[in-house]
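Just below is one structure, and these are the notes that go with it.
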Amino acid sequence: MAQLTLRFPEPGDGEPILEAVRETLPELCRWMSWCHPGYSEADALRWISSQAQARESGSAFEFLICGGNGRLLGVCGINCINTGNRFANLGYWVRTSETQRGVAANAVKLLVDWVFQHTDLERLEIVAAVGNDASQRVAEKAGALREGTLRSRLCIHGTFHDAVIHSIIRPTQSPAEPRR
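Numbering (the numbering used here), first residue to last: 386 to 565.
Set out below in structure tokens:
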């Protein structure tokens, strides 16, 4: 697996995001409510422009997944942040040509490390539609624990789907060894 980096999206990322979405359109449209067959660079630019404000307000932290050569491989991030109960949704997608190479699972691990270093969140939830086996495998490879199935949890393009929920919990600090 090549070196991965996560970085916040920037205004010049519209075209690379559009390219990755178009490459992955059949898979994304099936599982992601934001994706549609006419997804355009304007859609990508709107998403990019919303991210700085989301970071400032603490409502979402979305990252581009980049390969060692800087190529955009996908997106991962947290959103739907519940500050009162200190949990968030963790989501990801990887362009079709980069799937089954460990990109998503490794990006999730990097993201989890970032979240637990830079926020006070205690719990991250990965909610994937029943049938989205690839996303569920990523969750498990990234160390998430499968907790169960939630009925009618996701609405994708107007249709409700049951979903499998996985979680990653902030590691607990082990108590200091007693001095002798």
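From the three backbone atoms N, C-alpha and C, an ideal C-beta is built for every residue, glycine too.
Where the beta strand (DSSP E) containing D547 begins and where it ends:
Start at 1 with the first residue of the sequence shown, and residue 547 comes out as number 162. That run of the beta strand (DSSP E) goes T544 to I554.
Going by DSSP, what residues sit across from W499 in a beta bridge?
For the purposes of this step, residue 499 is taken as residue 114 along the sequence shown, with counting starting at 1. According to DSSP, W499 bridges with nothing at all.
Could you check which residue in F472, R480, H503 and L539 has the C-alpha nearest to that of C461?
In the sequence shown, the residue the question calls residue 461 occupies position 76. Ranked by Cα distance from C461, the options F472, R480, H503 and L539 are led by R480.
Ignoring anything shorter than 4 residues or poking outside the segment 392-452, list the alpha helix (DSSP H) runs there in chain order.
The qualifying runs are 399-408, 410-416 and 426-442.
Take T409 and list the residues in its own chain whose beta-carbon comes closer than 6 Å to its own, dropping the five residues that flank it on each side.
As a position in the sequence shown, residue 409 is number 24, starting the count at 1. The beta carbon of T409 sits closer than 6 Å to those of R480 and T481, all from its chain and outside the five residues before and after it, given in chain order.
With 16 other Cβ atoms within 10 Å as the buried cut-off, status of N470
As a position in the sequence shown, residue 470 is number 85, starting the count at 1. Its Cβ having fewer than 16 others within 10 Å, N470 is exposed.
If we cut at 9 Å on Cβ distances, does R471 have a partner in chain C?
In the displayed structure, chain C is absent; only one protein chain is listed.
For E510: DSSP bridge partner residues:
Here the question's residue 510 lines up with position 125 in the sequence shown. Assignment of beta-bridge partners to E510 by DSSP yields N474 and S552.
Helix, strand or coil for R480? Go by DSSP, reduced to three states.
Within the sequence shown, residue 480 is the residue found at index 95, counting from 1. Judged by DSSP in its simplified three-state form, R480 adopts coil rather than helix or strand.
Distance between N517 and G423 (C-alpha atoms, nearest Å)
Stepping through the sequence shown from its first residue, residue 423 is reached at position 38. Stepping through the sequence shown from its first residue, residue 517 is reached at position 132. One C-alpha to the other measures close to 22 Å.
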